[in-house]
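Which chain is which? The protein sequence lines are A and B, in order.
Counting from -5, one number per residue, gives the positions in the first sequence under the numbering used here.
Counting from 11, one number per residue, gives the positions in the second sequence under the numbering used here.
Backbone N, C-alpha and C fix where the C-beta goes; we use that ideal spot for every residue, glycine too.
Single-structure report; data block below.
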Amino acid sequence: MLWISCPRNFVVAENQQLEQLLARTALRDRAAFQQLYNLTSPHLFGVALRILHTRSLAEEALQDAFVQIWQKAGEYRADKAQVNTWMTSITRYRALDMLRKSARETPLEELPDSVMPEQQGAQMMAAENADLELCMEELQNEQRECIALAYVDGYSHQELSDRLDTPLGTVKSWIRRGLQQLKECLQR
Amino acid sequence: MNYQNEQLREALAAQYVLGTLRGSARLRFERWLNQDPDLQNRTGYWEQALQPLADQVVPVQPPSRVWTSIQTRLGMQASLPGKSQATSRLHWLRGAWVSFGLAALLVAVLVFGPAEEVTRFTPDIEVALQNELAQPVWKVDADSSKDTVVVSTVRNVRLPDDKSLELWLVLESGEPPISLGLMPTEQGRKYVVKSSTPLREGIGFAVSLEPRGGSPTGVATGPILYIQTYRET
């Protein structure tokens, strides 16, 4: 049965395993590439879907991302980034590019509140991720909400301003200051 | 734009990763990024710092055609050793039933009305999910012309702190169900979700018990507590 023994989310997949698979992918090992795809595609597809809201576009973004991952596997540097971060970034940036080209079909007010990241159970974070969680807690609610909506759901400044019924300048300043405070907290 | 100012460089790197740097500013930044190791380091810092937010996103199993397309685009033969996708309809569900040995707690009331082309939310699928005492717990209304589902919580649901209830669209194709997010548990709370898969491709809804925040794998990992089809299978 395909899905019971299914690709584990790479939150729990060993980073080391992914590194080996990516290294073998760089050596044009197709079986390793397929295994890498099986392990990571559910998570990356989820990420793309949250940004694009449209299944067909998310499928396209995922395709493009894995074509890039195959092509750029040799450029990956383990001392610069973890594999899951490297792959997530490729997928997110591709989805954001596509977002720019096609207006989203889902009106923003139909987006479910209850899949907002802060309500989604911080328990899913690994212990090593607890720092971000703690530092997000220190932000004002508005700053936290804006950062999460922008990162996870691909909201632009303007969309945030509309959704939160707040002037654009205020939203921009929440984000700018929120990011500054986040970094100060993370570096403490 | 001045790329020499350190504060500005930092802000641009952060907003590039966050996604709020848009349009021509984003394209300009990407060109600089390619040739500027300092910007690459700053961008890398933010990618790693914000990654936990991406790790929280509920995974979704992509359809098998995505992998086929990737192989085609990369000029690979489609006959790589892979897992068979052939699976009987609802096979996943039987597995869940057998492994958890749970009986459905559900009595459902079903109304199937004609779909109309209207702009307002007009539910043509109405399902009531009831507990073992036949008390309604949620009302699930769906408008299949708009692929929108509204879950209304009729009474409080008590759950252990480390658990969540996740709503799934059960597909006619027999592919794994699609997550529609987490069920609200507080009386009066509504949850509106637009399904990325057409509701007409679905045959029903299921609710599974999952770790807090939802299934970490993109498929139901916990027992199916409620299931109700809205179409004969």
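Mind pulling the chain B residues with CB within less than 7 Å of residue i?
{"i": "TRP64/A", "result": "LEU84"}
Which same chain residues end up closer than 6 Å to residue i when comparing Cβ atoms and leaving out the 5 residues on each side of it in sequence?
{"i": "ALA20/A", "result": "ALA67 and GLY68"}
{"i": "ILE188/B", "result": "LEU179 and THR207"}
{"i": "GLY115/A", "result": "Here the model assigns GLY115/A a pLDDT of 36, short of 50, so the residue's position is not dependable, and the following value carries that caveat. Cβ within range, chain order: n/a, list empty."}
{"i": "TYR201/B", "result": "VAL161 and PRO194"}
{"i": "ALA17/A", "result": "none"}
{"i": "VAL61/A", "result": "none"}
{"i": "GLU57/B", "result": "VAL27"}
Candidates the options: which alpha carbon is nearest residue i's?
{"i": "TYR26/B", "options": "TYR149/A, ASP58/A, ILE63/A and GLU136/A", "result": "TYR149/A"}
{"i": "GLY163/A", "options": "CYS140/A, ASP147/A and VAL146/A", "result": "CYS140/A"}
{"i": "LEU28/B", "options": "VAL68/B, GLN61/B, ASN44/B and LEU190/B", "result": "GLN61/B"}
{"i": "THR48/A", "options": "VAL217/B, ILE237/B, VAL203/B and GLY223/B", "result": "VAL203/B"}
{"i": "THR231/B", "options": "VAL68/B, ARG83/B and THR82/B", "result": "VAL68/B"}
{"i": "TYR240/B", "options": "VAL70/B, VAL76/B, SER218/B and ASP134/B", "result": "ASP134/B"}
{"i": "LEU219/B", "options": "ILE213/B, ASP171/B, GLU185/B and ARG36/B", "result": "ASP171/B"}
{"i": "LEU43/A", "options": "TYR236/B, SER205/B and GLY214/B", "result": "SER205/B"}
Find the residues of chain B that neighbour residue i, judging by a C-beta separation of less than 8 Å, and give them in chain order.
{"i": "SER83/A", "result": "VAL27 and GLU57"}
{"i": "GLN186/A", "result": "Here chain A comprises residues numbered -5 to 182, so residue 186/A is not present and cannot be evaluated."}
Can you list the residues of chain A that residue i reaches, using a CB-CB cut of under 7 Å?
{"i": "THR30/B", "result": "ALA144, SER150, HIS151 and ILE169"}
{"i": "LEU63/B", "result": "PRO111, ALA142, TYR145 and VAL146"}
{"i": "GLY184/B", "result": "Neighbours of GLY184/B on chain A: none; closest Cβ ~11 Å, over 7 Å."}
{"i": "GLY54/B", "result": "LYS74 and ALA75"}
{"i": "SER154/B", "result": "Those within 7 Å of SER154/B in chain A number zero; the least Cβ separation is about 15 Å."}
{"i": "TRP77/B", "result": "TYR31"}
{"i": "GLY214/B", "result": "Here the premise fails: no neighbours, minimum Cβ distance about 17 Å."}
Please list the partners that residue i has in chain A, where partner means a Cβ-to-Cβ separation under 9 Å.
{"i": "ALA21/B", "result": "ARG170, LEU173 and GLN174"}
{"i": "THR207/B", "result": "ARG49"}
Among the residues of its own chain, which have a CB less than 8 Å from the CB of residue i, if the five just before and after it don't count?
{"i": "GLN137/A", "result": "TRP168, ILE169, ARG171, GLY172 and GLN175"}
{"i": "ARG19/B", "result": "TYR13, ASP48, LEU49 and ARG52"}
{"i": "LYS95/A", "result": "none"}
Determine the burial state of residue i: buried for a count of at least 16 other Cβ atoms within 10 Å of its Cβ, exposed for fewer.
{"i": "SER183/B", "result": "exposed"}
{"i": "ARG165/B", "result": "exposed"}
{"i": "LEU209/B", "result": "buried"}
{"i": "THR163/B", "result": "buried"}
So residue i contacts chain B; which residues on that side make the cut at Cβ distance below 9 Å?
{"i": "PRO36/A", "result": "PRO69, VAL70, GLN71, PRO72, THR227, GLY228 and VAL229"}
{"i": "GLU127/A", "result": "PRO62"}
Leaving out five residues on either side along the sequence, give the residues of the same chain with a beta carbon under 7 Å from the beta carbon of residue i.
{"i": "GLN117/A", "result": "Below a pLDDT of 50, predicted positions are generally treated as unreliable, and GLN117/A, at 37, falls in that range; the measurement from the model is reported next regardless. For GLN117/A, where only same-chain residues beyond five positions count, there are no Cβ hits under 7 Å."}
{"i": "PHE27/A", "result": "THR19 and TRP64"}
{"i": "THR227/B", "result": "PRO69"}
List the residues of chain A whose Cβ lies closer than 8 Å to the Cβ of residue i, in chain order.
{"i": "ILE135/B", "result": "Those within 8 Å of ILE135/B in chain A number zero; the least Cβ separation is about 17 Å."}
3 or more residues per run - each beta strand (DSSP E) lying fully within the region 181 to 217 of chain B
188 to 192 and 200 to 204
Could you tell me which whole alpha helix (DSSP H) segments of length 4 or greater appear in the region 125 to 170 of chain A?
135 to 147 and 151 to 158
Write down every uninterrupted run of the beta strand (DSSP E) in the region 31 to 59 of chain A whose length is 3 residues or greater and which is fully enclosed by it, in chain order.
none
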